Amino acid sequence: MVTVDVQAGCEDFAALLAELDPGSYSGADCAEVVRLLARVEKRCAGVRILFAARAVECAGYRGQGYSNPRTWLAQTTGVSSGQANQALETAAGLSACPETKEALLAGDLSLDQAAVIIKTEAVAPGSETDLLAQAATASLSRLADEGRRRRLVAADPGDAEAAHDRQRRERYARYWQDGDGIGHVAGSWPVETWVPLTNRIDAEVDAMLRQAKRDGVEPEPVERLRADAVARLINGGGLSRRPARPELVLVCDVAAFQRGHSEGGETCQVIGGGPVPVEVARELAVSAFIKGVLHDGKTIQQVAHFRGRYRCAELATALSLGPPPLFLGVACVDCGRRYGIEWDHIDPVAHGGATSYENVKPRCYACHRDKTERDRAAGLLTAHPPGNDQTGTPTPPTSPSPAPSSTDAPPPRPAASSAAAAVEARSTVTPAAHRAATAPVSVPGLTPPTPAGATPPAITPIPARKKPRAAA
Ligand SMILES: [Zn+2]
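Listed below in structure tokens is the structure:
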């Protein structure tokens, strides 16, 4: 049999693995062994899915007593049938992405990374090379965000309607108890329900992480905290009295909002969730606040510069959207994590750096702490104004405050707001607003949404209060 060679090779390798004893290696050598094994794992996964795809194509799995190829692959590899299906889709997509296939088989790429690249290349052709370069250095979640960003740009407005119809049709919730008495929940929700739901859960998890830090105890893993958060939010008695951030934020071009549908290149999406039809945005806006954010397609213009601990709702709003023009929400700039986010001053407050849109970037607690240590080692944390906390106290995204800093110079300030070419309507739906279905509330400088056919809302840029001092 041809497989004799493969079997012999696998057995040799298994024998080598069996002899490895972490205790007999130095820490540095252990790290190197992890790197080597990770590459082998990735190569194995690549070859395995190609063989799996051919076994499915030739119905070779039937000889092992299975009638369903996904069940066979899931059982054989010890994953869920959804993951087995994803592996088969990835294998099928590799023929259209030769560079990705090469990188996977060379051990440079994981299956999850390959899946993001293949999915994105199918929707946004020409993405493969850039995403491969990013995969080499960025975390998986940052790569997934970039893939999502590219797919959003390439998407047709009609796609949002089709996707939303599917989201509505496929919603379900199931709960059951297994043989050990453990309760399980599974479900599927449309984006406008899903995003506020997960934002509530994340806010509750953040509150629990802060509580653990105040109590000086090591928090439990985030998965467990999430389970507690869901139970508390349903049963009542959560730690986060009020959501630390808006629960649902929409960005929609005002022209599209007035018209009732979007045309070429006009945005309509839930921050952190994805595109929605303009019709859905209008329904949500009935019980929502509306705020304006001016941007020229690349930069946000309206945000004033403030100093020190100045709490600024406009700045918090702009920061919570994520970078324009796609406004995908807030994620750690280092690792892409979306919970436990703190605000980091690029140019230190001690050096006269402003609490400004350009000078404040999101970092998760762990990445923020690492950066603070690097800054400390570089001697950058010598002078602090009163009240500045150099240990990186967690701060809700809606209230940016001075935090540890780095030496990087701030990016150049965007052009004057008169250069703004696009106006976005933003609505924030709070649960209270939802329940009460109250009339739209006006926000300083802005007016509530108007019915279709009426005059578009007048959106006034918020003036800058102070000129930023030159970075130290
Ligand atoms: Zn991070």
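This note's numbering puts the first residue of the sequence shown at 21, with every later residue one more than the last.
Every residue gets a Cβ at the ideal spot worked out from N, C-alpha and C, and that includes glycine.
Bear in mind that the values here come from a model prediction, so they are computed numbers and not experimental data.
Own chain partners of residue i with C-beta closer than 6 Å, once the 5 adjacent residues on each side are dropped
| i | result |
| --- | --- |
| GLU286 | ASP273 and ALA276 |
| ASP409 | Here ASP409 scores only 39 on pLDDT, less than 50, and its place in the model is too uncertain to base an answer on. |
| HIS204 | TRP196 |
Exposure of residue i, with buried meaning 16 or more beta-carbon neighbours within 10 Å
| i | result |
| --- | --- |
| LEU163 | buried |
| ALA249 | buried |
| PHE347 | buried |
| GLY85 | exposed |
| TRP214 | buried |
| GLU190 | exposed |
| ASN255 | exposed |
| TRP363 | buried |
| ARG220 | buried |
| ALA397 | exposed |
| THR91 | exposed |
| ASP41 | exposed |
| ALA374 | buried |
| GLN187 | buried |
| GLU39 | exposed |
| GLY178 | exposed |
| ASP185 | exposed |
| VAL54 | exposed |
| ALA193 | exposed |
| PRO469 | In this prediction, PRO469 scores a pLDDT of 35, lower than 50, which makes its location untrustworthy; the coordinate-derived value is nonetheless stated afterwards. PRO469 comes out buried. |
| HIS365 | buried |
| PRO424 | No answer about PRO424 holds up, because its pLDDT of 37 lies below 50 and its placement is not dependable. |
| GLY293 | buried |
| PRO145 | exposed |
| ALA156 | exposed |
| VAL300 | buried |
| TYR81 | buried |
| ALA28 | exposed |
| ARG302 | buried |
CB of residue i within 7 Å of CB of residue j, strictly
| i | j | result |
| --- | --- | --- |
| GLU212 | VAL298 | no |
| GLY349 | GLY360 | no |
| ARG169 | THR140 | no |
| ALA111 | VAL143 | no |
| LEU229 | PRO239 | yes |
| GLY356 | SER159 | yes |
| LEU152 | GLU122 | no |
| SER130 | LYS62 | yes |
| LEU525 | ALA79 | This structure cannot speak to residue 525, because the chain is shown only from 21 to 492. |
| GLU148 | CYS117 | yes |
| GLY102 | ARG59 | no |
| ALA180 | PRO295 | yes |
Contact test: residue i Cβ vs ligand 1 heavy atom, cutoff 6 Å
| i | result |
| --- | --- |
| ASP354 | yes |
| ARG246 | no |
| CYS387 | yes |
| CYS384 | yes |
Ligand 2 heavy atom lying under 6 Å from the CB of residue i
| i | result |
| --- | --- |
| ARG357 | No copy of ligand 2 appears in this structure; the ligands present are ligand 1. |
7 Å Cβ shell around residue i - same chain, five flanking residues per side excluded
| i | result |
| --- | --- |
| GLN106 | ALA135 |
| THR96 | none |
| ARG234 | none |
| VAL353 | LYS381, PRO382 and ARG383 |
| PRO210 | HIS184, GLN187, ARG188 and ARG191 |
| ARG246 | ILE221 and VAL225 |
| ASP132 | LEU160 |
| THR427 | In this prediction, THR427 has a pLDDT of 34, which is less than 50 and means its spatial position is unreliable; nothing more can be read from the coordinates. |
| ASN88 | none |
Cβ shell of residue i (< 8 Å), same chain only, five flanking positions each side left out
| i | result |
| --- | --- |
| GLN154 | ARG162, LEU163 and GLU166 |
| VAL67 | LEU125 |
| ALA73 | LEU108, ALA111 and ALA112 |
| GLY47 | none |
| CYS50 | PRO42 |
| GLY280 | VAL298, GLU299, ARG302 and ALA472 |
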